[in-house]
Amino acid sequence: MLVPFNKPYMSGRELHYIAQAHAAGKLTCDGEFAKRDHAWLEKSIGCKKALLTPSCTAALEMAAILCDIHPGDEIIMPSFTFVSTANAFVLRGGIPVFVDVRSDTLNIDEKKIESAITAKTKAICVVHYAGVGCEMDAIMDIARRHSLFVIEDAAQGILSKFKNTPLGSMGHLAAVSFHETKNIQCGEGGALLINDSQFIKRAEIIREKGTNRSQFFRGEIDKYSWVDVGSSYLPSEITAAFLFAQLEESENITQKRIDIWNTYHDAFEILERAGEVRRPFIPKHCQHNGHIYYLLLSDLEQRTKFIDFLKSQGVNSIFHYVSLHKSIAGEKYAKIFNGTKNTDMASECLVRLPLWMGVEQYQAKIIDLAHKALKIN
Ligand SMILES: *Cc1c(COP(=O)(O)O)cnc(C)c1O
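Be aware that the sequence shown starts at 568, since it is given in my numbering, and climbs by one per residue.
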């Protein structure tokens with residue numbers, strides 16, 4: 568019996584809502600369910616405007632267009648992240664400038680950002696790893712002083728908070744993901760969150776293939792046409808209906824994930840005390856959402872043995888990430904700014920344990936195997 572690394576949760580109302588959308592017969596984007604999703608996001612996260620997108624990747628691409636990234640512009644970001652954080656800007660000719668992460672939270676080291684700023688820097692794209700907030704006060708302050716845009720890659724950050732403020736509500740723009748592996752999911756999906764209202768009108772145009780169709784549908788203009796660059800960043804109403812069944816349950820889902828996270832955290836305290844592993848660090852002013860439970864092992868060799876041992880016993884654990892500065896495209900399109908020590912450590916030593924709704928029944932086994940794996944190695 569194999570314990571999967573992830574198993575998407577279903578609230579049970581997904582098909583019911585899809586049937587309602589089907590009966591209503593309007594399946595393009597921004598129907599009744601999309602409106603409910605937008606309202607939920609605006610209320611729960613507190614952004615000025617939320618727009619559903621086909622993915623977080625698409626929302627990041629929209630953010631890059633909105634920030635007017637031109638060839639040669641630099642965007643400061645961590646290398647310890649998913650591909651899309653960087654790729655969205657590279658598509659506009661931007662150059663990702665990688666700043667190392669902090670050794671404790673594995674988020675971008677806010678103290679190293681300022682020295683990476685040049686005349687070409689246009690934006691800072693932060694990633695809230697494992698749904699734990701970056702140091703947003705310091706980061707927004709740097710951005711203000713240097714007139715830079717801040718984009719929050721909050722793909723993993725739904726319903727997390729930094730100093731009681733929801734992730735995704737602090738940067739000029741933010742992107743969340745509803746990919747099947749995320750806390751709240753609809754298979755493939757995401758949203759662009761806008762906190763600086765100067766971007767709202769253009770975001771609607773970019774999302775509608777560069778046309779002012781959104782204004783036309785609201786009756787603000789009498790015909791619509793091509794007015795700017797854009798693409799089709801619209802998910803269908805079927806996706807929006809599925810998503811609403813998850814958003815409704817999101818507080819519940821988050822609490823259950825935090826419970827699972829806490830069970831792991833308690834079980835590994837003894838190993839951390841013995842100096843065998845490092846557990847996730849959550850700053851006191853951060854409230855996380857139980858997105859990822861990870862352990863930091865001693866080195867790559869130990870981690871490989873750990874993952875292999877768990878797999879031989881029927882449990883799938885995985886590492887995170889192949890850091891971008893070591894990837895083929897990263898070497899080609901991005902620059903490293905002074906050092907990758909903590910990025911390399913995380914990328915070589917981090918292992919993620921299965922964390923999904925229902926994994927509770929296997930948790931004792933997983934914990935036991937993790938203890939055994941560390942004794943053997
Ligand atoms: C999952 C993830 C993405 C991509 O999300 P999609 O919805 O699959 O496009 C981007 N950034 C980070 C940090 C992620 O974890």
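Every residue, glycine too, gets a C-beta built ideally from N, C-alpha and C.
Item	Value
N- and C-terminal bounds of the beta strand (DSSP E) containing E641	E641 to M644
Contact check, L759 vs T648, beta carbons under 9 Å	no
DSSP state of N944 mapped onto helix, strand, coil	For N944, the predicted model reports a pLDDT of 49, less than 50, meaning its position is unreliable and no value from the coordinates is stated.
Backbone CA spacing between E641 and F873 [nearest angstrom]	38 Å
Nearest-angstrom Cα separation, counted from Q869 out to N944	Residue placement at N944 is flagged as unreliable, the pLDDT there being 49, under the threshold of 50; a coordinate-derived value is accordingly withheld.
Sequence-distant residues of its chain with Cβ nearer than 6 Å to H713 (five each side left out)	I684
9 Å Cβ cutoff met for L891 and A901	yes
Straight-line gap, G579 to I680 (C-alpha atoms, nearest Å)	44 Å
Euclidean distance between Cα positions of A617 and K942	48 Å
Cut-off 6 Å between Cβ atoms - residues of its own chain near F716, not counting five sequence neighbours on either side	C634, A690 and H739
Contact belief for A722 with A742 at Cβ below 8 Å, rounded distance in angstroms	6 Å
Bridge-paired residues (DSSP) for Y800	Paired residue(s): none; Y800 is not in a bridge.
Any non-hydrogen atom of ligand 1 within 8 Å of K749 CB	yes
Contact shell at 6 Å, judged by CB to any heavy atom of ligand 1, ordered along the chain	S622, C623, T624, T648, F649, S651, T652, V694, D720, A722, Q723, S744, H746 and G757
Option in M629, T732, V650 and S792 with minimal Cα separation from S894	V650
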